[in-house]
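Trainee: Quick note on the working numbering: the sequence shown kicks off at 47 and runs consecutively. Structure in structure tokens, see below.
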Amino acid sequence: MAEERLIKSNKRVKDHGEVFTPKQIVKLMLDQDELQDDLKSLTATFLEPAAGEGAFLTEVLRRKLLMAKRLSHSMTEYEQHALLALSSLYGIELLVDNTERLVMNMYHTFYHAYIAELQRYGEYENKATVSSAITIISANMVQGNALTGRNKDDQPIVFSEWRQLPEKRKAVWVQRTEYTFDAIINDGPSLDGQIKGHGVEELSLFELDDNRVEEVVPMSYAPLKITDVYKEKLIET
Ligand SMILES: C[S@@+](CC[C@H](N)C(=O)[O-])C[C@H]1O[C@@H](n2cnc3c(N)ncnc32)[C@H](O)[C@@H]1O
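This is the structure:
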């Protein structure tokens, strides 16, 4: 078995506190009783604000995908449930190379589970599902400084909410809305103590106050089937 690499260099540890959490510890931490309901929910949101390569997020995704499998009776249902689960997970990572690994690790975790289900049902890959997974991961796993809310280009960190709409003809529909991380922090639940520590926190990320700042990023996406979000269709004004 390949040895787990928890430290890349002493310099990175010193500069960025970069020490990855061993898999066994991640599993133990996620076994805590108070997390179980949220890990079984496809839509309960989780944020890892110093995500590294996604030690916690990939394990949360793996567990949520098992739930998606349990809740589904067809490949079509599984695809929708799996994408919903994916859309509930958010990560911020300061270093560009770690962010790239984070994105890749989330994709591999999703794809591995997806292929296993395709084989079980004897079906072929649906390109729209895979493209939508990539769109969701790219929107939810972001490079940036969780303390300042800005990315390497000094632009605000932006997250997308994927709000589930009423089903239409058994298809899951979502409405994507973008918010800056700053708006979520200032108008949503407190993240005190979550930035420096290890781990992932279940948060109702998008429960912003009624008199919240309006969506700060003026991007209005049209409601779409969750398997079509890769189209990134905007509302025409
Ligand atoms: C202790 S490691 C933990 C990584 C991961 N959560 C894990 O448990 O394996 C901390 C990570 O946070 C990143 N980091 C440090 N300061 C940060 C900041 N202000 N915003 C976002 N990420 C940060 C580092 O680059 C590093 O990858």
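We treat Cβ as the ideally placed atom computed from N, Cα and C, and that holds for glycine. From a predicted model like this one, the values you see are computed outputs, not experimental measurements.
Going along the chain, which residues of its own chain have a beta-carbon closer than 7 Å to the beta-carbon of Ala174, five neighbours each way excluded?
Mentor: Here residue 174 refers to the residue found at position 128 of the sequence shown. Hits under 7 Å: Thr273, Asp274 and Tyr276.
Trainee: Would you kindly work out how many angstroms separate the C-alpha atoms of Ile203 and Leu112, rounded to a whole number?
Mentor: Working through the sequence shown from its first residue, we reach residue 203 at position 157. Working through the sequence shown from its first residue, we reach residue 112 at position 66. Cα to Cα, the separation comes out at about 30 Å.
Trainee: Pairing CB atoms from the segment 181-195 with CB atoms from the segment 141-152, are three or more of them under 8 Å?
Mentor: Result yes; three or more Cβ-Cβ pairs closer than 8 Å.
Trainee: For Ser118 and His127, which I take to be in contact (beta-carbon distance under 8 Å), what is that distance rounded to the nearest angstrom?
Mentor: In the sequence shown, counting from the first residue as 1, residue 118 sits at position 72. In the sequence shown, counting from the first residue as 1, residue 127 sits at position 81. At roughly 5 Å, the Cβ-Cβ gap stays under 8 Å, so Ser118 and His127 are in contact.
Trainee: Going by DSSP, name the residue or residues bridged to Ile138.
Mentor: Sequence index remark: in the sequence shown, residue 138 carries index 92 (1-based). Ile138 pairs with Val188.
Trainee: How should Leu132 be labelled, buried or exposed, when 16 other C-beta atoms within 10 angstroms of its C-beta is the threshold for buried?
Mentor: Translated into positions along the sequence shown, residue 132 becomes position 86. Looking at its Cβ environment, which holds 16 or more other Cβ atoms inside 10 Å, Leu132 is buried.
Trainee: State buried or exposed for Gly239, treating a residue as buried only when at least 16 other CB atoms are found within 10 Å of its CB.
Mentor: Against the sequence shown, residue 239 aligns to sequence position 193. Because Gly239 sits at a pLDDT of 34, beneath the cut-off of 50, its placement in the model cannot be relied upon, and the point is left open.
Trainee: Would you kindly report the start and end of the unbroken alpha helix (DSSP H) that includes Val65?
Mentor: Within the sequence shown, the letter at position 19 stands for residue 65. Taken as a continuous stretch (DSSP letters only), Val65 belongs to no alpha helix (DSSP H), as it is neither H nor E.
Trainee: Excluding the five sequence neighbours on either side, which residues of its own chain have a C-beta within less than 7 Å of the C-beta of Glu125, listed in chain order?
Mentor: Within the sequence shown, numbered from 1, the residue matching residue 125 stands at position 79. These residues qualify, in order along the chain: Asn172, Thr175 and Thr273.
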